[in-house]
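Novice:
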Amino acid sequence: MQCIWRRCTKHTLHALPAHGKALQSTFSCGFSALSTSFDLNPSTSPSLSPTPSIPTSNSSSQSLTPAQISLAASQAVRLSIANNDLSDAFLIVNSIRHARLGDRWTSSLGIRDLKRFKASAIPFDSNVSPRLSSHALLHGLIRIGLSKKAGNLAQQMMKSCIRIRTKTLEAVFQAITHPSPTIGNITSPLLLKSSLEDSDILTLKPTMTNHHGTKFALRLLDLARQRRQKRTNNMFRTLMTLCVINGEIIIASLLFGIMVRDWQARMVQSSIKLDPSSPGPIATTQNGLGVPKWYDSEAEFPSESCLHPMLDAIDQTLSSDATDESSRLNIRAALQALANIAALLDEKRIPFQSISPIIRSLSACPRTARATRDKVKVWVPDKAGQPEQVKAYSYFHDVLHRLIHKLPERNHLHPLSSPERSMLPAMDRYGYNSLLQYALRHRRSGKLADKILRHMTDERVPPLKPDQATATILLRNGTLLHRSEIVDKALNLMSDGQNATRMDTIRTAVERGDSHTITSTITHLTSTGRPNVVVDLLPIIFPGLLLPPDQAVQDGEFADPAKRKMVRYSKQLKHAVKLGPYVFTSILNALQKTGRTGFAERVWKLAQDAEEASWKVVLDPDAKFTPWCLPIHAYTIMIKLYAAEANPRSISNNLDTSKARHARQGVIGWGQPHPLVPRTSNLREVLGRDQGLAVYRSAQTAAQRIPEDLIIKRSLQPPEPDAHFFNAILDIVGRHSHMRPRRPRVNPAFVKHQVKKAKLNYAHRGALSKVWDPTLLEVGKDMIQAGFAIPLGFQHLFVGRLPSCVEESPLKIKTFPYAFPLKMQQGRSLYRIPTRKTKSHGLGLG
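Each residue of the sequence shown is one higher than the last, beginning at 160 in my numbering.
#1: What separation, rounded to the nearest whole angstrom, lies between the Cα atoms of residue 370 and residue 377?
#2: So for residue 742, helix, strand or coil by DSSP?
#3: Considering only residues of the same chain and omitting the five flanking positions on each side of residue 653, which have a CB-CB separation below 6 Å?
#4: Note down, in chain order, each residue of its chain lying with its Cβ closer than 7 Å to the Cβ of residue 878, except the 5 sequence neighbours on either side.
#5: Pull the bridge partners of residue 538 from the DSSP assignment, please.
#6: Pull up the distance between the alpha-carbon of residue 225 and that of residue 259, whole angstroms please.
#7: For residue 620, I'd like the list of residues in its chain whose CB is within less than 6 Å of its CB, leaving aside the five on either flank, ordered along the chain.
#8: Please determine, among 704, 626, 745 and 738, the residue with the shortest C-alpha to C-alpha distance to residue 725.
#9: Could you pull the start and end residues of the alpha helix (DSSP H) that residue 890 belongs to?
#10: I need the DSSP call for residue 958, collapsed to helix, strand or coil.
#11: Quick one: residues in its chain with C-beta nearer than 7 Å to the C-beta of residue 637, no 5 flanking neighbours on either side, listed in chain order?
#12: Closest by CA to residue 420, which one among 607, 506, 869 and 866?
#13: For the alpha helix (DSSP H) containing residue 404, list its first residue and its last residue.
#14: Helix, strand or coil for residue 995? Go by DSSP, reduced to three states.
#15: Given that a residue counts as buried once 16 or more other Cβ atoms are within 10 Å of its Cβ, and exposed if not, what is residue 919?
#16: Going by DSSP in three states, residue 761 sits in which element: helix, strand or coil?
#17: Considering only residues of the same chain and omitting the five flanking positions on each side of residue 308, which have a CB-CB separation below 6 Å?
#18: Spatial neighbours of residue 348 within its chain, please: CB distance less than 8 Å, with the 5 preceding and 5 following residues excluded, ordered by chain position.
#19: Would you say the stretch 881-889 touches the stretch 936-946, given that touching needs at least three Cβ pairs under 8 Å?
#20: Roughly how many angstroms lie between the CA atoms of residue 993 and residue 495, to the nearest whole one?
#21: Could you name the residues that DSSP lists as bridge partners for residue 561?
#22: Taking residue 925 as the reference, give the member of 937, 949, 957 and 679 with the closest Cα.
#23: Do you know how far the Cα of residue 465 is from the Cα of residue 396?
#24: Taking the alpha carbon of residue 254 as the point to measure from, which residue in 277, 237, 238 and 961 has its own alpha carbon closest?
#25: Alpha carbon to alpha carbon, how far is residue 232 from residue 543? Give it in angstroms, no decimals.
#26: Roughly how many angstroms separate the alpha carbons of residue 750 and residue 547, rounded to a whole number?
#27: Measuring only the C-alpha atoms, how far is residue 628 from residue 592?
#28: Please state the DSSP three-state secondary structure of residue 387.
#29: Which of the three DSSP states is assigned to residue 905 in this structure?
#30: Just grab the DSSP bridge partners of residue 106 for me.
#31: When DSSP labels each residue in this structure, what does residue 422 get in the three-state scheme?
#32: Would you say residue 336 and residue 372 are within 7 Å of each other, going by their C-beta atoms?
#33: Would a C-beta distance cut-off of 7 Å place residue 521 and residue 501 closer than the cut-off?
#34: Can you tell me which of 990, 901 and 978 puts its alpha carbon nearest to the alpha carbon of residue 552?
#35: Evaluate residue 600 with the Cβ neighbour count: other Cβ atoms within 10 Å of its Cβ, from every protein chain shown; 16 or more gives buried, anything less gives exposed.
#36: Thinking residue 497 and residue 562 are a contact (beta carbons under 8 Å), I'd like their distance in whole angstroms, please.
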């Protein structure tokens, strides 16, 4: 052994070229019989011969300092790992640790047979630090992929009070939290269900997870807290990402809570005086946080980026339908995770300004008429810190309401040493805008909106100036609420205090604004009965779009008119891709209100071309476009437009008989061959029906046109048919030219009698309804496949033609504003799918 250490230290300190070969032969001969585990099991280890000790005098190693011996030992560990001699590496490290710590720390080494270990241990001086050699072994285990052994070693090092470097501990976390091959919720449904019913769900425990890496990481985190090891944001982010991938969203939210409380405890213990107006230092004893003195003082400032993946996963889960018991449990888990974050916000514990994502997730919690989300209870701490169950939906809105009434004023952080203190700094502009949207849309309260704006511009230190997004929110919601004073305030913000007329302000907003501003402005004009103004704004939004096809822009660079036309359209297309789908939807809605079918077709073609172009520019790394899809509402508008053209009674009654007959039959200015169907007829009714069906089928096949990689990687959502979409197509296929006008009010008993009679005729004689349209059968099948019920007024036509009819439409998940009623709109529901109120007409204002 003397020879071993003489050579080891010699080659380490003098860096001779042959040191690797010498150590390889020495260690392979001297330690070939050692165990590769931590605990040297006597039942599996061969007999070991006694090892001679290092001489106490006249030895070259005796002249080495403890630091030099530690360096030599770490180099020997690295060489042993490089030669696949893990037993040598473990023996060196355990020998140094045993010499340093003594027999009382034997349990932390994982050694079961101390007597057998002592017989083979290398004698070291007790002054030699085990930290360097332990780190060398830890790094080597991580490099060769032995993450479990690395985790065990890190755990033993912390138990032995060996401080681990922060970057090394992060590497251990990265290794042990490698995601499982199966992505998704790995938690047992029985375990999740029992956990949701227990108040202990607010306490993070390793038993809450089924993933081995997560359990190991949680134990390491707890041990690092006890040993005052620094726990970084990267460690928490790595573990939280693993939990989100595995569907363990509750654990991720509790980890974020630990990050926040660790930071607050550090501030309290450090007695940092952050507020110049504070009268004195902050107490370091037991405080409002409820943490003892020894709590972790090495916490980092919580990163808001850790929240984003978790909130995205919560939003995605809550927006899905509860089709079975497993999905219902996932929804309850997402609500509990969101409640954990909401409790931190309610207690003013979140220490950063950017809380806009939290506000949006809380306000976007879906509300349904059935007992799924708005009646599910979650566990939250009460004022005394004890767990209590509350209704999730009501609790989220109560938290936001309390936040509005007690907004933070300063950017200085105040540790929670008293109930009046707050860790929540003054919000940024995004947070104020999100709260403003919540107050107007969900609470429908102008008073709350005024309070938020006043706090933003006057009470906050320093104050913030409203931006374009603030004006857009005011304009959009003021239009929906029919509050002229809110609209005027929005227009004043858009005009930037200049003395301009309302129309000049609108033109300037459309000309200089972004897609949100343009959408809100057009929606305001349409909702206030001025959709014709939108036609005048089209040349500003899309220059050259309304020019005749044979007229080209003067461009001296290209003499060919066709080339100039192509260049002009290419510029329009790039501009259209930047504007996005909702600008097109608002424009189409305005054109549908004015009956400008020809203009609408031009906008529709540009919208479809821009949609497809957005899928392709994503391949360009320099492109800053985001792939998008036209929403189902855009398809619905076009179908309504063609339904009005196909309806012969939509022609004005002011025309005389001959002109009315010509107007009903002639088609001028619309129904072009592109981009929908070949123009086979000039009859308005036939062409309107054909064009409407073409749009309908285009929406049904939209998902097939989108590249699959965009749906997977970019989470691009194809348009999904809704009740309004099917109601629009029923206005086309549910009517024919020879039918009598429907009565304004039809007795439901009469329609039910028709359905009953049709069923009896089919059961006794196999008779089907004589009034039939194959396209109506096509639409009926699509409705049932989408989960909607055939409207009662059409059910007698489907008897015998469909195997079964859905009796009741399933509840589609939507975010209904807090102040809105849940009742369905029952008007004309005999021939239409019932829908819910989404506008503010007829509702009280706050």
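For every residue, glycine included, the Cβ atom is placed at its ideal position computed from N, Cα and C.
Specialist: On the basis of the supplied data:
#1: 11 Å
#2: helix
#3: 630, 664 and 668
#4: 788, 789, 790, 791, 794, 858 and 861
#5: 548
#6: 11 Å
#7: 568 and 569
#8: 704
#9: 882-892
#10: strand
#11: 645, 646 and 649
#12: 506
#13: 392-404
#14: strand
#15: exposed
#16: helix
#17: 300
#18: 484, 485 and 488
#19: yes
#20: 32 Å
#21: None, per the DSSP bridge assignment.
#22: 957
#23: 6 Å
#24: 277
#25: 54 Å
#26: 53 Å
#27: 7 Å
#28: coil
#29: coil
#30: There is simply no residue 106 to check, as the chain begins at 160 and stops at 1005 in what is shown.
#31: helix
#32: yes
#33: yes
#34: 978
#35: buried
#36: About 15 Å separates the two Cβ atoms, so there is no contact after all.
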